[in-house]
Each structure stands twice: as structure tokens, then as C-alpha cells.
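For the record, in the sequence shown the residue sitting at position 178 is 178 according to full-length UniProt numbering, with numbers rising by one throughout.
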Amino acid sequence: MSSLVGPDEDDPRGKPLVPDDVQDAIRTLIRWAGDDPAREGLLDTPSRVARAWKEYCLGYGEDPSVHLSRVFEEVGGYNEIVLLKDIPFQSHCEHHMAPIIGKAAIAYLPTDRVVGISKLARVLHGFARRLQVQERLTAEVADCIWSHLRPQGVAVVIEAAHSCMTARGVRTPGVGMITSRMMGTFLDDPRSREEVLRLMGY
Numbered sequence: 001m002s003s004l005v006g007p008d009e010d011d012p013r014g015k016p017l018v019p020d021d022v023q024d025a026i027r028t029l030i031r032w033a034g035d036d037p038a039r040e041g042l043l044d045t046p047s048r049v050a051r052a053w054k055e056y057c058l059g060y061g062e063d064p065s066v067h068l069s070r071v072f073e074e075v076g077g078y079n080e081i082v083l084l085k086d087i088p089f090q091s092h093c094e095h096h097m098a099p100i101i102g103k104a105a106i107a108y109l110p111t112d113r114v115v116g117i118s119k120l121a122r123v124l125h126g127f128a129r130r131l132q133v134q135e136r137l138t139a140e141v142a143d144c145i146w147s148h149l150r151p152q153g154v155a156v157v158i159e160a161a162h163s164c165m166t167a168r169g170v171r172t173p174g175v176g177m178i179t180s181r182m183m184g185t186f187l188d189d190p191r192s193r194e195e196v197l198r199l200m201g202y
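As C-alpha cells, then:
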């Protein structure tokens, strides 16, 4: 019979140690929810949950701006929009610690420097892997790119579903939230804003 647990899930090698007080806190939560943390299926749950949350929150251990430190200035005179769209991401809301699952579109209008396109996704993930609200996440990504690349314009649009309202509370599945932040020419010039939003698919 195949196990429902991944092949290395029970292998402690290479996994961070979970302090006893953290595991005790999770056991308390399990009891408060109505289950018995001492039953067989839940014996290893406290350490698994703790390690999962350490992974969910890896962003606290990094400075996302470091991904923008290496720039390229030889771009053959390219001076049009650079856009990375449909970037999938996961985060957790700071109010209920419930999943936020969505996608982002990140664009900038370079002056004399560009970065490797994957770096935009890394910046997003660095901020997303924290307890967040979508509005702040959108602003943090845009502000980081604006500060470190010094482009003519930055545009960030994030669309996401929030489990805190789709799986609890008002329980309204299928609802998506859209936030945006425009800076520089994308804020000041309506035609530039219209162009970048059209390229993003909005």
C-alpha cells in the first residue's frame, strides 16, 4: 500500500529542529479545535505544521531587493516596456493566516538598466512568503523595483483569491481581488498606463 506521505516527509535529516514550545502550541490548537493530538494520525503533525510554516514564511529570512543588485546596461537601445505576467504565487493573510493564492503582472519601463526577467518573480516571492495583505504586497513589490532599478515607470497588478473569505466567514468561492500600483510614467501618463494594462490583459 503506497503511503500518502512523500518519500522524505518522515526523514528528519536536513530538516530544521522544531522547538518544544512551538510543537506544544500546535498541540494546544489541535485540542482547542476538538481533536486529540495524542492520536496516531496527529502524533507528528505539530512538527510537520511548524516546518510547513517555516517554509511558508521564508521571505522573512531574505531581502528581496538583493535580486535586483545585478543589472545589465547593454540592452541594444531597448527602451520599451518589460513585462512579466501571470506569475503564480502563494502567501498567507496576516489576519487569519489563511492562504492567498493568485498571480501577478510586473512591468517596468527601463531607463538605462534591466535585470534578468526571473528576478522580478523572485522579488514577488520574497515579499509573498510572509504574512501579508494584498495591498501591501502590491506596494512592496512596486516600491522595491522603483527604488533599485530607477526606471521611468513601474506597474504591478496582483489578482488573488483569499481563503479567509472563500473558505470561511462569508464563504464566497470564486471571488478574486485585484490590486494595482502605478509609479512614474504609468501613473502620470494615461496612454502609458493604458498600454501596460492592455499588455497585462486588463
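C-beta: ideal position from N, C-alpha, C; glycine also.
Computed from a predicted structure; not experimentally measured.
Approximately 19 Å separates the beta-carbon atoms of Ala-139 and Gln-90; this is outside 8 Å, ruling out the contact. Here His-162 is bridged, per DSSP, to Ile-100. Following the DSSP letters along the chain, one finds Gln-90 inside the beta strand (DSSP E) bounded by residues 82-93. When secondary structure is reduced to three states using DSSP, Ser-69 falls in the coil class, being assigned neither helix nor strand.
The beta carbon of Cys-144 sits closer than 8 Å to those of Pro-64, Ser-65, Leu-68, Val-123 and Phe-127, all from its chain and outside the five residues before and after it, given in chain order.
Only residues of its own chain outside the window of five on either side were considered, and among them Lys-103 have a CB closer than 6 Å to the CB of Asp-86, listed in chain order.
Rounded to whole angstroms, the Cβ separation of Gly-153 and Met-183 is 6 Å, and the two are in contact under 8 Å. Remark: C-beta atoms of Tyr-108 and Val-82 approach each other more closely than 8 Å.
Sorting Ile-158, Leu-43, Leu-17 and Arg-48 by C-alpha distance to the C-alpha of Ile-100 places Ile-158 at the top.
For Thr-179, the three-state secondary structure derived from DSSP is strand.
Per DSSP, the continuous alpha helix (DSSP H) segment holding Pro-190 begins and ends at 190-200.
Distance from the CA atom of Arg-191 to the CA atom of Gly-176, rounded to whole angstroms, is 26 Å. The residues Arg-130, in chain order, have a CB closer than 7 Å to that of Tyr-60 in the same chain once the five nearest residues on each side in sequence are set aside. Beta bridge pairing from DSSP links Ala-107 with Leu-83 and Ala-155. Under the DSSP definition of a beta bridge, Gln-23 lacks any partner. In this structure, Ala-105 keeps its C-beta atom at 8 Å or more from the C-beta atom of Gln-134. Of the other Cβ atoms in all chains shown, 16 or more fall within 10 Å of the Cβ of Thr-185; this residue is therefore buried. Taking Ile-117 as the centre and dropping the five residues before and after it, the same chain places the C-beta of Leu-84 closer than 6 Å to its C-beta, in chain order. When secondary structure is reduced to three states using DSSP, Leu-124 falls in the helix class. Taking Cys-164 as the centre and dropping the five residues before and after it, the same chain places the C-beta of Cys-93, His-95, His-96 and Ala-98 closer than 7 Å to its C-beta, in chain order.
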